[in-house]
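If you're matching positions, the sequence shown starts at 431 in the working numbering and goes up one per residue.
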Amino acid sequence: MNVAVLGGGIMGNGIAQIAATAGDDAVVRDIDDAALERARSTIETSLGRFVKKARLTVDEAEATLGRIRFTTDLEAALTDADVVIEAIPEVLDLKRSVWQTVGELAPEHALLGTNTSQLSITSIAVSLGRQAPRLVGMHFFNPPVMMRLCEVIAGTETTPEQVDRACEFGRHVGKEVVVCRKDSPGFITSRAYAILRLECIRMLEEGVASAEDIDTALKLGFNFPMGPLELGDMNGLDTFLHAVTGLAEAHGDRFRPTVGLRNMVAANRLGRKSGAGFFNYDEDGRKT
Ligand SMILES: NC(=O)c1ccc[n+]([C@@H]2O[C@H](COP(=O)([O-])OP(=O)(O)OC[C@H]3O[C@@H](n4cnc5c(N)ncnc54)[C@H](O)[C@@H]3O)[C@@H](O)[C@H]2O)c1
């Protein structure tokens, strides 16, 4: 199977890696050469970790990397695609403009999936015109190589056949699949988790407890593998701000971003990727 991944950032490179690990040929398309370079080195490092843990042999890791191409040429990326997964920034207009072009260039049989974490699939699909029923939400989690879930979302017009194909693809790349039958912003996961993280941010801003203690409380109190603040840093606070802004529009004020969150993003404290967020990180992304 040929899998085209649009966007080679945090999610795109991981999605390409899980597809290549499942034996697919993957191509990562980004508009930025530096992002492609980072994507390649992130995948290389990640495959190295799998080798260290004896979950892949050196030969398998090399073959997996060999199945991934990197390009800025959208047309070349889409020519033979059987599956297209878009993982570009969480901005509706940007996604719409990319999907409009993809609809013109992708083969007719290709499964079209968006990795949006909370935008309405239906409102992205509008840009595909009469091909709107082909678009399905395929929400992978960060990091895609480790996280076991793929949340499949049906847009209002998505055909049951595309939903089934998306589920099949999710299982093919080794994930458990859940289906969000109604296209409701935030789906199942992002909607529930956004409220939890926002409440943690509010507690931090109110001075109720330190970031460290809020995370420790949730980790040990509820058996979460990671605290909501540290996970926010890992996912990118700009992405979270986009997400809650959209959720507030859809579901009301309970999702309204705090002033502190807006300020952090304005100050480029985006989390691990910028070296600082709720916590500070060294050059290798380790919490300091
Ligand atoms: N970060 C997370 O934890 C997470 C989890 C699940 C889903 N998502 C969703 O995945 C998507 C991508 O998020 P991310 O965190 O990987 O973002 P990111 O900012 O790390 O990466 C986005 C990449 O897209 C590239 N890009 C921008 N415009 C493009 C275009 N027109 N064509 C191709 N590439 C383009 C950018 O150069 C960048 O490399 C978003 O919709 C986000 O909501 C993110």
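Ideal placement from N, C-alpha and C gives every residue a C-beta, glycine not left out.
Nearest residue (CA-CA) to A491, options T501, G478, S620 and D503: For this step, residue 491 is matched to residue 61 along the sequence shown. That would be G478, whose Cα lies nearest to the Cα of A491.
Continuous alpha helix (DSSP H) assignments of at least 4 residues falling wholly in the segment 492 to 523: 504 to 508
Segment contact flag, the segment 632 to 647 with the segment 597 to 615, C-beta cutoff 8 Å, min 3 pairs: No: fewer than three Cβ pairs fall under 8 Å.
Straight-line Cα distance separating T502 from D463: The count along the sequence shown starts at 1 and reaches residue 463 at position 33. The count along the sequence shown starts at 1 and reaches residue 502 at position 72. Each residue's Cα considered, the two are about 7 Å apart.
C-beta atoms of P574 and Q592 nearer than 8 Å: In the sequence shown, counting from the first residue as 1, residue 574 sits at position 144. In the sequence shown, counting from the first residue as 1, residue 592 sits at position 162. Taking 8 Å as the Cβ cut-off, P574 and Q592 do not qualify as a contacting pair.
Buried versus exposed call for H539 [16 or more other C-beta atoms within 10 Å across all chains shown]: The residue given as residue 539 occupies position 109 in the sequence shown. It counts as exposed.
Spatial distance of S553 from S620 (CA atoms): For the purposes of this step, residue 553 is identified with residue 123 of the sequence shown, where counting begins at 1. For the purposes of this step, residue 620 is identified with residue 190 of the sequence shown, where counting begins at 1. Approximately 17 Å, taken between the alpha carbons.
H569: first and last residue of the uninterrupted beta strand (DSSP E) it sits in: Within the sequence shown, residue 569 is the residue found at index 139, counting from 1. L565 to F570 is the span of the beta strand (DSSP E), which, as asked, contains H569.
CB-CB length for F685 against A624, believed under 8 Å: Numbered from 1 along the sequence shown, position 255 holds the residue referred to as residue 685. Numbered from 1 along the sequence shown, position 194 holds the residue referred to as residue 624. Indeed they touch by this definition, with Cβ atoms about 6 Å apart.
Counted within 10 angstroms of its Cβ, other Cβ atoms place M576 as buried (16 or more) or exposed: Taking the first residue of the sequence shown as 1, we reach residue 576 at position 146. By the 10 Å Cβ count, M576 comes out exposed.
Cβ-heavy atom distance, I518 to ligand 1, below 7 Å: The count along the sequence shown starts at 1 and reaches residue 518 at position 88. Yes, the Cβ of I518 comes within 7 Å of a heavy atom of ligand 1.
Where T451 sits in the DSSP three-state scheme: Reading the sequence shown from its first residue, position 21 is the one you call residue 451. Of the three classes helix, strand and coil, the one that applies to T451 here is helix, per DSSP.
Exposure label - G600; buried when at least 16 CB within 10 Å: In the sequence shown, counting from the first residue as 1, residue 600 sits at position 170. When all chains shown are included, G600 counts as buried.
Distance cut-off 7 Å: L524 Cβ against heavy atoms of ligand 1: The residue you call residue 524 lines up with position 94 of the sequence shown. True, at least one ligand heavy atom lies under 7 Å from that Cβ.
Collapsed DSSP secondary structure at V582 in the structure displayed: The count along the sequence shown starts at 1 and reaches residue 582 at position 152. V582 falls in the strand class under three-state DSSP.
Same chain, Cβ closer than 7 Å to V488, neighbours up to 5 away in sequence not counted: In the sequence shown, residue 488 corresponds to position 58, counting from 1. Here the set comprises V481.
Bridge-paired residues (DSSP) for L436: Within the sequence shown, numbered from 1, the residue matching residue 436 stands at position 6. According to DSSP, L436 bridges with R459 and E516.
A706 - partner residues in DSSP beta bridges: Along the sequence shown, read from residue 1 onward, the residue named residue 706 stands at position 276. DSSP output for A706 lists G701 and N710 as bridge partner(s).
For L648, three-class secondary structure by DSSP: Against the sequence shown, residue 648 aligns to sequence position 218. Here L648 sits in helix by DSSP.
Status (buried if at least 16 other CB within 10 Å, exposed otherwise) for I498: As a working note, residue 498 is residue 68 in the sequence shown. It counts as buried.
Candidates G676, A680, V582 and F670: closest to L700 by CA position: Against the sequence shown, residue 700 aligns to sequence position 270. Closest option to L700, Cα to Cα, is F670.
Integer-rounded CB distance, given that G496 should sit under 8 Å from A469: The count along the sequence shown starts at 1 and reaches residue 469 at position 39. The count along the sequence shown starts at 1 and reaches residue 496 at position 66. Wrong, their Cβ atoms sit about 15 Å apart, outside the cutoff.
Reduced DSSP category for K605 - H, G, I as helix; E, B as strand; rest coil: On the sequence shown, residue 605 is found 175 positions in, with the first residue counted as 1. Coil, per DSSP.
Unbroken beta strand (DSSP E) run spanning T544, endpoints: Residue numbering aside, residue 544 sits at position 114 when the sequence shown is read from its first letter. Note, T544: beta strand (DSSP E), L541 to T544.
Rounded Cβ spacing between T544 and M568 (contact assumed at less than 8 Å): Here residue 544 corresponds to residue number 114 of the sequence shown, with the count starting at 1. Here residue 568 corresponds to residue number 138 of the sequence shown, with the count starting at 1. That belief holds up - the Cβ atoms of T544 and M568 are roughly 7 Å apart, short of 8 Å.
Boundaries (first-last residue) of the alpha helix (DSSP H) holding V674: Locating residue 674 in the sequence shown gives position 244, counting from the first residue. Note, V674: alpha helix (DSSP H), L667 to H681.
Identified DSSP bridge partners for K717: Position 287 of the sequence shown, counted from the start, is the residue given in the question as residue 717. DSSP lists Y711 as partners of K717.
Contact belief for L524 with I518 at Cβ below 8 Å, rounded distance in angstroms: Looking up residue 524 in the sequence shown gives position 94. Looking up residue 518 in the sequence shown gives position 88. Indeed, because the Cβ distance is near 6 Å, the residues count as touching under 8 Å.
Backbone CA spacing between S471 and A484 [nearest angstrom]: Reading the sequence shown from its first residue, position 41 is the one you call residue 471. Reading the sequence shown from its first residue, position 54 is the one you call residue 484. Taking the straight line joining both Cα atoms gives about 20 Å.
Contact under 8 Å by Cβ, L626 with P658: If you number the sequence shown from 1, residue 626 lands on position 196. If you number the sequence shown from 1, residue 658 lands on position 228. Contact flag set, yes.
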